[in-house]
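S.K.: Chains as they are written, first to last, in the working numbering: chain A, 1 to 1225; chain B, 1 to 240.
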């Protein structure tokens, strides 16, 4: 059977070579791409290893060798280096100001460089610039650059262009919308920084210590001062508070008092008013009295008369009345009865008795020794009688002569005499008895005489009669009454009476007459009274007219006096009331004034305290400010320690290298703990795994890995189809041989084995060739990667595994295709296999029939053959479609890339350079630049870095303020239509709008202002939002200012010179006297030449172009091979028929034209499938290549379609003619 | 070898029973074989005659296990080859049957020797069969360098190289000129008469039947007659 192998090779050499080539390509792509990825991966790790990318970086406030030594003790640590890094500006000879991050390095560090270029520095201060940065900015080794440090630019000699781990795969991948990180990296000898830094560090540290001490002392003082002031203030405040309390109490009291005063005042006012009223009344009364008196005086005679009459009448009446009374009185009757018993008693005696009795009564009352007043009258009378008898008896005893001679008086008589004398209270032992006796005798003589003189015994017997009450005084009165009666009776009657008998008689006679007389007199009296009444007078009034009048006058006078007195009193009272009122007012005034005074005092005290408080605050502020100044100074000292001096925000970093196998994260944490324990502030730290470098590398590697897998996968699918197709052609054409072999007794398996062997041989060659191609590809792609990352060199590493896999896959694809193809053919019985295969007679679709109804029989024949070989047709279509897909996607990629460049540098950036400043520029400066002859156009382009908020979602964003009529900035919407910047509102970038979910017409919030989204822009690079200047001004201070200029390239230098002069002026003016000028002029930072950026980008893109054209070439070659082979196969299969046609007289050209229908239909169907597939592949690929700040937009102009169609059509036509020409023979 | 052939003369090598084979479907259905039964004896030269489309080639293919009848059985060594699987059939073909085709069916990319060697167990046999067919001097020639007769001889040599029990020849002279055809027939005759092989020749040339031991005539897929030729003539003597 093996004898068959060579014949098969001979017979199908073209097809088998095609298979080999296609397989080799697939294998080559796979091995090449995977190997280049592996090489890149290995090279990267080697590079990172060799150039010692640290395992961890710890940024601290200070670094020192002591610390390094301390940290080195940790067993897991292999090496620790310290370095400093900071951001600054670098100015090259082309006067470009570039952002750059400076790292320090020292020769003994593990930090090594790969030098792309190196020059001898000849002892100058050296700087190494990162390859990409130097390359992009046209800086070469040997150039001199100026690096900004402390607002001064120091010259450095660029002695090396280096590649370093930090800068591997630097891509603009800042996440915030619209920010291109445009940092460069540079290295300066650690000695240059660290010597000075260390000196400054020591100085700063000394200063810091000194300051710290000073601060401590000052703070102590300030604290004490503050404490004292505070205590004082506290006391004062306490005092004030007490006073305030007191004042409040006093005020309350005063208020109460005032209230009372007011009450009193009111009362006094009332009284005053009453008094005044009363006074008026009194004055009125006085007038009335005077008037009455006058009237009375006028009527005096008449009144006198009336008065006399009435007096007389009354007297008469009174007499009568008395008489009558007397008469009618039972007592009188009784008296008369009694008196009738003593008719001989003279009235005179009675009268005397009465008088005497009265006197006697008076006397005994006076002396009181006779009887007890309380005794009854009868007892008294009895006693009196007894006493009178006693007195008479005693008198008689003492006058009996016994005592004429005192010396002869017996003792008993003496005793008796003394008893008598004692009886009458006349005994006085100091006076001689004779004298006492004489006195007693005279007294008793008097008493005895009086008894006799007044018939006292008879009168005393009357006593019980005249006094029913039995009281002595009544007796006296009764005696007087009797006397009065008698007197009256006698007076009335006018008759002389001498004895009691006369009185009794008179009494009995006059009883009846009195009544009569009384009646007459009463009438008369009534008349007088009624007459008086007519004058308004009573009988009392006129009883004694003059007296009455006088009384009246006196009364009136008294009244007037009283009134006057009252008035006087009132007049007297008024001043006191007034005085009282005045007093009240005064008191009130006083209270208020006291209150005011107290208030004022309090307020003064408060003011004083406040003043003290202020003073205290001032003192405190001052103390604190002094302290704060010190603290600030200390802080500054710290800052200086932290940041070093020289470059802005210089950071200290420890670069740590751990031993293999160490748990880097955990060990880093340990180191951090040690540093923290040493009072070293950790600002941040990251391990290599967490580092941006690693992330960037991983991101890029992942993309490359994806492409390295995806591309071969696509190729292998295509190759599978192509190999299957080709192998089926080979096997189909070997049908007869298979039949013969089968007839000769060869098994199906042996036949399969035969073809598998053939394919294996082809595949082995394909693998060899593919591996070679792969290696070439690896070298090419690897070198491309090395420039892309950039890596100084690529360690090409053939991944045996991947090569084996590629070889296995290549062989497997061939074997599978062969087994499938041979399987079906070898199934046929040998007799059938050897005979001509039965022609396909399946039905042709009706629409095809309709379409070809009017076509020539030859065309119909051609189409029929095509349609009846569906599998072959389908496979051809798929192969050509794959070719179309590859060509179209590659072209689309080139176009998209060109579109991106066009978008960036022709549409969006229409200016030649952009100059950055640290602040916005004023119109004057802009005009000044615009006024330069060589400047065609210029405008401001301020940047505002901020946040945009919509519906609760926030995103960072950069907003550009632009001239509304800008021609220098192109803004396009998603339909690629240019948008004008609106006067109000904002143009939002598509991705940002998607991120916050906002649409056109919505309102977003920026820094508290609301802006309407006027349009959504489509940007390939960056993510800028646009606003008019006026709108943007609402956002406050700019983050960075810039100018965009349209100038001729030749004039760039002039512009730079101008800007440099301005810059230097600005910097020099910073220290000049004209501070306004210095502060108003923003600092010129750096310039970006868009054309240079374009050239740089184009350089990168050219490599993309090459890759795309390789793919197109591959696609064309594969397509051509396929189409030629299929066409030839078809022709061979129908050789007999075609020859028949030729024998029938058809010209070769006629047959060729008609036969082309098949190729053309394949081409049409391939395009229908291939173009959309190509579009999808291109979109997918572009999406993969896009980053957050550089988006490859799928740009599909009609040109790609036309070019693809023409290219494919061309090779279809060419292959057709090649096939036909072979048939011509 | 001659003696052996004689001894085996009466022994049935193959027996086909009620073979049916049709092509196409429906109205277009053609019975290529319709209930065909026959026996082939060892060492006989059997000629199957019939016009084009009579089913003779189909019968031959079926007997050579190059095609499978729809129905019926072909018994060889007490085994029905119609019931054999592909592997057994291939084995049957390889061990028992040699084919000579009208169009030779040589592999043009192989030399005559290589073509023969495809089926030969060793080089000696190749040499021998080339001697048998009288083409020893042309072993290195490619088919395209040989005449039709020579190609047919190579074809016969290839068939003989595996020492088949049965040599099936489908129009062996069909593609050859008269003289060459006669030579090929002589070769076949020689194989039967001298080497004791069993040869079945399918042809539409009546005269060839004269050289065979039996003649089967077919028409429309059926055997119309089987004639035993007691006195077969030599191939050289027949004319057509």
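Using N, Cα and C, we set each Cβ at its ideal position, and we do this for glycine too.
Hey, how far is the Cα of residue 1057 of chain A from the Cα of residue 929 of chain A?
M.R.: Along the first chain, read from residue 1 onward, the residue named residue 1057 of chain A stands at position 1057. Along the first chain, read from residue 1 onward, the residue named residue 929 of chain A stands at position 929. Cα to Cα, the separation comes out at about 12 Å.
S.K.: When you check each C-beta in the stretch 723-748 of chain A against every C-beta of chain B, which residues fall closer than 9 Å?
M.R.: 736, 737, 739, 740, 741, 742, 743, 744, 745, 746, 747 and 748
S.K.: When Cβ atoms are compared, which residues of the stretch 897-925 of chain A fall closer than 7 Å to chain B?
M.R.: none
S.K.: Rounded to whole angstroms, what's the CA-CA distance from residue 1229 of chain A to residue 592 of chain A? Just pull it up for me.
M.R.: This structure does not reach residue 1229 of chain A, given that chain A is present from 1 up to 1225, and the question cannot be answered.
S.K.: Label residue 134 of chain A either buried or exposed according to how many other C-beta atoms from any shown protein chain fall within 10 Å of its C-beta, with 16 as the threshold for buried.
M.R.: Counting from 1 along the first chain, the entry for residue 134 of chain A is found at position 134. Burial call: buried.
S.K.: For residue 111 of chain B, which of helix, strand or coil comes out of DSSP?
M.R.: Start at 1 with the first residue of the second chain, and residue 111 of chain B comes out as number 111. Coil at residue 111 of chain B, not helix or strand.
S.K.: Taking the beta strand (DSSP E) that residue 960 of chain A falls in, what are its first and last residues?
M.R.: For the purposes of this step, residue 960 of chain A is taken as the residue at position 960 of the first chain. In this chain, the beta strand (DSSP E) harbouring residue 960 of chain A covers 953-962.
S.K.: Just curious, the beta strand (DSSP E) that residue 989 of chain A is in, first and last residue?
M.R.: Here residue 989 of chain A corresponds to residue number 989 of the first chain, with the count starting at 1. Unbroken beta strand (DSSP E) run through residue 989 of chain A: 986-989.
S.K.: Could you tell me the alpha carbon to alpha carbon distance between residue 29 of chain A and residue 696 of chain A, rounded to whole angstroms?
M.R.: As a first step, residue 29 of chain A must be located in the first chain, where it is residue number 29. As a first step, residue 696 of chain A must be located in the first chain, where it is residue number 696. Cα-Cα distance, rounded: 25 Å.
S.K.: When you compare only the Cα positions, how much space is there between residue 1067 of chain A and residue 141 of chain A?
M.R.: As a working mapping, residue 1067 of chain A is identified with position 1067 in the first chain. As a working mapping, residue 141 of chain A is identified with position 141 in the first chain. Confidence at residue 1067 of chain A is low in this model, with a pLDDT of 43, below 50, so the placement of that residue should be treated as unreliable; the coordinate-derived value is given next. Going by the C-alpha atoms only, they are around 28 Å apart.
S.K.: Listed from N- to C-terminal order along the chain, which residues in the stretch 208-219 of chain B have their beta-carbon within a distance smaller than 7 Å of any beta-carbon of chain A?
M.R.: Of all residues in the stretch 208-219 of chain B, none is placed with a Cβ closer than 7 Å to any Cβ belonging to chain A.
S.K.: Using a cut-off of 8 Å between C-beta atoms, extract the partners of residue 99 of chain B located in chain A.
M.R.: Position 99 of the second chain, counted from the start, is the residue given in the question as residue 99 of chain B. By Cβ distance, chain A contributes 743 and 744.
S.K.: Under a Cβ-count criterion, where at least 16 other Cβ atoms within 10 Å of its own Cβ denotes burial, should residue 234 of chain A be classed as buried or exposed?
M.R.: Here residue 234 of chain A corresponds to residue number 234 of the first chain, with the count starting at 1. It is exposed - the Cβ of residue 234 of chain A has fewer than 16 other Cβ atoms within 10 Å.
S.K.: Taking the continuous alpha helix (DSSP H) assigned at residue 214 of chain B, which residues delimit it?
M.R.: One-based indexing of the second chain puts residue 214 of chain B at position 214. Per DSSP, residue 214 of chain B is not a residue of any alpha helix (DSSP H); the beta strand (DSSP E) it occupies stretches across 214-219.
S.K.: I'd like to know whether the C-beta of residue 90 of chain B is nearer than 8 Å to at least one C-beta of chain A.
M.R.: Position 90 of the second chain, counted from the start, is the residue given in the question as residue 90 of chain B. Judged by the 8 Å Cβ criterion, residue 90 of chain B is in contact with chain A.
S.K.: Which residue from B:140, B:132, B:85 and B:90 puts its Cα closest to that of residue 112 of chain B?
M.R.: Working through the second chain from its first residue, we reach residue 112 of chain B at position 112. Minimum Cα distance to residue 112 of chain B is reached at B:140.
S.K.: Between the stretch 1105-1122 of chain A and the stretch 924-940 of chain A, do three or more beta carbon pairs fall short of 8 Å?
M.R.: Contact fails between the stretch 1105-1122 of chain A and the stretch 924-940 of chain A, because fewer than three Cβ pairs, one in each stretch, are under 8 Å apart.
S.K.: So that I know if they touch, is there some Cβ in chain B lying closer than 8 Å to that of residue 1166 of chain A?
M.R.: Position 1166 of the first chain, counted from the first residue, corresponds to residue 1166 of chain A. No, residue 1166 of chain A lies away from the interface with chain B (no Cβ there is under 8 Å from its Cβ).
S.K.: Taking the alpha-carbon positions, what's the residue 605 of chain A to residue 251 of chain A distance?
M.R.: Residue 605 of chain A sits at position 605 when you count from the first residue of the first chain. Residue 251 of chain A sits at position 251 when you count from the first residue of the first chain. Answer to the nearest angstrom: the Cα atoms are 17 Å apart.
S.K.: State yes or no: is the beta carbon of residue 824 of chain A nearer than 8 Å to at least one beta carbon in chain B?
M.R.: Numbered from its first residue, the first chain carries residue 824 of chain A at position 824. For residue 824 of chain A, the answer is no, since every Cβ of chain B falls outside 8 Å of its Cβ.
S.K.: Where in the stretch 997-1065 of chain A do unbroken runs of the alpha helix (DSSP H), each at least 4 residues long, occur, reported from the N-terminal end onward?
M.R.: Scanning the stretch 997-1065 of chain A for uninterrupted alpha helix (DSSP H) segments of 4 residues or longer gives 1029-1033, listed from N- to C-terminal end.
S.K.: Could you check where the beta strand (DSSP E) with residue 35 of chain B kicks off and where it finishes?
M.R.: Within the second chain, numbered from 1, the residue matching residue 35 of chain B stands at position 35. 30-41 is the span of the beta strand (DSSP E), which, as asked, contains residue 35 of chain B.
S.K.: Based on the DSSP secondary-structure assignment, which residues constitute the bridge partners of residue 82 of chain A?
M.R.: Along the first chain, one-based indexing puts residue 82 of chain A at 82. Per DSSP, the beta bridge partners of residue 82 of chain A are A:654.
S.K.: Comparing C-alpha positions only, which one of A:89, A:87, A:71 and A:1193 sits nearest to residue 81 of chain A?
M.R.: Numbered from its first residue, the first chain carries residue 81 of chain A at position 81. Nearest option by C-alpha distance: A:71.
S.K.: Please classify residue 187 of chain B as buried or exposed, where buried requires at least 16 other C-beta atoms within 10 Å of its C-beta.
M.R.: On the second chain, residue 187 of chain B is found 187 positions in, with the first residue counted as 1. Classification for residue 187 of chain B: buried.
S.K.: How far does the alpha helix (DSSP H) with residue 73 of chain B in it extend, from its first residue to its last?
M.R.: In the second chain, counting from the first residue as 1, residue 73 of chain B sits at position 73. No alpha helix (DSSP H) contains residue 73 of chain B, which is instead part of the beta strand (DSSP E) from 71-76.
S.K.: Distance cutoff 8 Å, beta carbons only. Does residue 184 of chain B sit that close to anything in chain A?
M.R.: Translated into the one-based positions of the second chain, residue 184 of chain B becomes position 184. For residue 184 of chain B, the answer is no, since every Cβ of chain A falls outside 8 Å of its Cβ.
S.K.: How many whole angstroms separate the CB atoms of residue 880 of chain A and residue 1217 of chain A, which I take to be in contact at a CB cut-off of 8 Å?
M.R.: Position 880 of the first chain holds residue 880 of chain A. Position 1217 of the first chain holds residue 1217 of chain A. In fact, because the Cβ distance is near 16 Å, the residues do not count as touching under 8 Å.
S.K.: Sorted by chain position, which residues of the same chain lie with C-beta nearer than 7 Å to residue 55 of chain A's C-beta, five sequence neighbours on each side aside?
M.R.: Start at 1 with the first residue of the first chain, and residue 55 of chain A comes out as number 55. Here the set comprises 656, 657, 658, 664, 687 and 688.
S.K.: Which term fits residue 221 of chain A, buried or exposed, when burial requires 16 or more other beta carbons within 10 angstroms of its beta carbon?
M.R.: Working through the first chain from its first residue, we reach residue 221 of chain A at position 221. Residue 221 of chain A should be labelled exposed.
S.K.: Apart from the five residues just before and just after residue 226 of chain A, which ones in its own chain have a Cβ nearer than 6 Å to its Cβ?
M.R.: If you number the first chain from 1, residue 226 of chain A lands on position 226. 620 and 623.
S.K.: Could you confirm whether any beta carbon from chain A is found closer than 8 Å to the beta carbon of residue 83 of chain B?
M.R.: Taking the first residue of the second chain as position 1, residue 83 of chain B is located at position 83. Not one beta carbon of chain A lies nearer than 8 Å to the beta carbon of residue 83 of chain B.
S.K.: Check the Cβ of residue 10 of chain A against every Cβ in chain B and list those closer than 7 Å, keeping chain order.
M.R.: Working through the first chain from its first residue, we reach residue 10 of chain A at position 10. Neighbours of residue 10 of chain A on chain B, chain order: 109.
S.K.: Comparing alpha-carbon positions, which option in B:55, B:108 and B:29 lies nearest residue 7 of chain A?
M.R.: Stepping through the first chain from its first residue, residue 7 of chain A is reached at position 7. Checked all of B:55, B:108 and B:29; the closest Cα to residue 7 of chain A is B:108.
S.K.: Counting only Cβ-Cβ distances shorter than 9 Å, please list the residues of the stretch 103-131 of chain B near chain A, keeping chain order.
M.R.: 103, 105, 106, 107, 108, 109, 110, 114, 115, 117, 118 and 119
S.K.: Contact defined as beta carbons within less than 8 Å: I believe residue 22 of chain B pairs with residue 218 of chain B. What is the distance between those atoms, to the nearest angstrom?
M.R.: Reading the second chain from its first residue, position 22 is the one you call residue 22 of chain B. Reading the second chain from its first residue, position 218 is the one you call residue 218 of chain B. Between residue 218 of chain B and residue 22 of chain B the Cβ distance is about 15 Å, and since that is not below 8 Å, they are no contact.
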